[in-house]
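Undergrad:
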Amino acid sequence: MTALVDIDPPEDTAQPPAAAGRAGRLLGSGLVRYLAIRFVLIFPTVFVLVSIVFFLMRATGDPISTAFGDRLTPDQLHAKLHQAGYDRPLLTQYLEYLRSVATGNFGRTATDNQAVSQVLRTYGAATLELAGYALLVAFALGLPLGMVAARYRDRAPDAVLRLLAILGYAMPVFFVGLLLKLVFAIWLGWLPVSGRAGTEVQLELQNQISTTGIYLVDALRSGDGSAVADVLRHAVLPGLALGLLVAGVLLRLVRANLTGTLSADYVDAARSRGVRPFRLISRHALKPALIPIVTVLGLQIAGLLGGAVLTETTFEWKGLGWELAHYLTVRDFAAVQGIVALFAVVVAVTNFLVDVVAALLDPRVRY
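Those letters in the sequence shown? Residues -9 to 357, per the working numbering, in order.
(1) Report the three-state DSSP secondary structure of residue 98 (helix, strand or coil).
(2) If you check the beta carbons only, do residue 306 and residue 109 fall under 8 Å apart?
(3) Name the one or two DSSP bridge partners that residue 105 has.
(4) So is residue 140 buried or exposed if we call it buried at 16+ other beta carbons inside 10 Å?
(5) Helix, strand or coil: which one does DSSP assign to residue 265?
(6) Could you give the residue range of the alpha helix (DSSP H) that holds residue 274?
(7) For my contact list, residue 240 and residue 133 are in at a C-beta cut-off of 8 Å; report their separation, rounded to the angstrom.
(8) Which residue marks the beginning of the alpha helix (DSSP H) containing residue 366, and which one marks its end?
(9) Please identify the residue among 67, 121, 28 whose C-alpha is closest to the C-alpha of residue 302.
(10) Flag this pair as touching only if the segment 230 to 250 and the segment 210 to 218 have three or more C-beta atom pairs under 8 Å; answer yes or no.
(11) What is the rounded straight-line gap between the Cα of residue 39 and the Cα of residue 334?
(12) Any idea if residue 147 is buried or exposed, counting beta-carbon neighbours within 10 angstroms, 16 or more meaning buried?
(13) Within the same chain, show all residues whose beta-carbon is closer than 6 Å to that of residue 136, passing over the 5 residues directly before and after it, in chain order.
(14) Write down every uninterrupted run of the beta strand (DSSP E) in the segment 201 to 249 whose length is 3 residues or greater and which is fully enclosed by it, in chain order.
(15) Suppose the cutoff is 6 Å on Cβ atoms and the five residues either side in sequence are ignored; what does the same chain contact list for residue 1 look like?
(16) Check whether the segment 263 to 270 and the segment 189 to 207 touch, using three or more Cβ-Cβ pairs below 8 Å as the test.
(17) Rounded to whole angstroms, what's the CA-CA distance from residue 161 to residue 180? Just pull it up for me.
(18) Could you round the C-beta distance between residue 116 and residue 297 to whole angstroms and report it? I think they count as a contact, below 8 Å.
(19) May I ask which residues mark the beginning and end of the alpha helix (DSSP H) holding residue 33?
(20) Do you know offhand how far residue 106's Cα is from residue 89's?
(21) Taking Cβ to Cβ, would you say residue 118 is nearer than 8 Å to residue 204?
(22) In whole angstroms, what separates the C-alpha of residue 358 from that of residue 233?
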């Protein structure tokens, strides 16, 4: 009996050191250290972008003097400047702005007295929805067409697809949008000219008890099939106009990287075993080719947001891009700074996530 007691493992004392060892190895691994550094870099990136926008907005003077300078007496103008805080030293304004942003307070818009955080919530969902449609178009077109171009490298299909990719990337988003509107909305009458949904559907979605602001999600939750169809019909042209911008880049990236991996020795070995061409691409060559593609696509997110401003303006899609264009026109500092700060956070976080994916796909991507 005494011997049995002696040989039983002391469970409560043996497992913690093993768990601590695993945690220590994980924390000490290159992957965790790499991702921690990339995560910390988000904060200086956002800080620099927010600071640049703050000083650029004030480089041409304050909005009150521009709007009312010739209609107010000097005393009235000074009173308005003092009330808005524009008569204080620029450094003081900057430090107060950073302090308020750090606490999540972006202030109120000067033109319509809305909380900037409310503007970001209301219109951010619309821009997020548009970006989702654009990414769907980009992957649905760019990935398979890039595989086809690599499969028929230096032949007629490859030449045609490369030309289309160049056109898709080179043509301005607003021009593509206007062209699509002219053909499919005005000449053929197949799709709506503008907006996110028809008037009745829009009122129906906005009057729901709980809404996400993403019309497709709200329409699906309502269970109304006609509302879902209406939302999708309105999304086709804006999603296509913005998605073609990224699809052209994706097509060329997939083609270029697949061309390299298809000439690798292990792919030649698979080819010699009689593996069919498209199975060769999808099973053996595509994954190594995706690593640089994922990295570059992260950089395309910034271009996607820039394109969203033009796309939303072209199709009257009332998202953050539409609002940014409006607030830039009237020089509403608080609104512009809040929207750009949100864009900066989205770009920085997206690039961090891209680094995570790239590190998981390729162990060599470490510091």
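For every residue, glycine included, the Cβ atom is placed at its ideal position computed from N, Cα and C.
TA: Short version:
(1) strand
(2) no
(3) 98
(4) buried
(5) coil
(6) Per DSSP, residue 274 belongs to no alpha helix (DSSP H) and is neither H nor E.
(7) 6 Å
(8) There is simply no residue 366 to check, as the chain begins at -9 and stops at 357 in what is shown.
(9) 121
(10) no
(11) 7 Å
(12) exposed
(13) 241, 244, 245
(14) none
(15) Note that residue 1 scores 45 on pLDDT, short of 50, meaning its location in the model is unreliable; the coordinates nonetheless yield the value given after this. So the list is empty, once near-sequence residues are dropped.
(16) no
(17) 23 Å
(18) Incorrect: roughly 15 Å between the Cβ atoms, too far for contact.
(19) 32 to 48
(20) 16 Å
(21) yes
(22) For residue 358 there is no data in the structure shown, the boundaries of the chain being -9 and 357.
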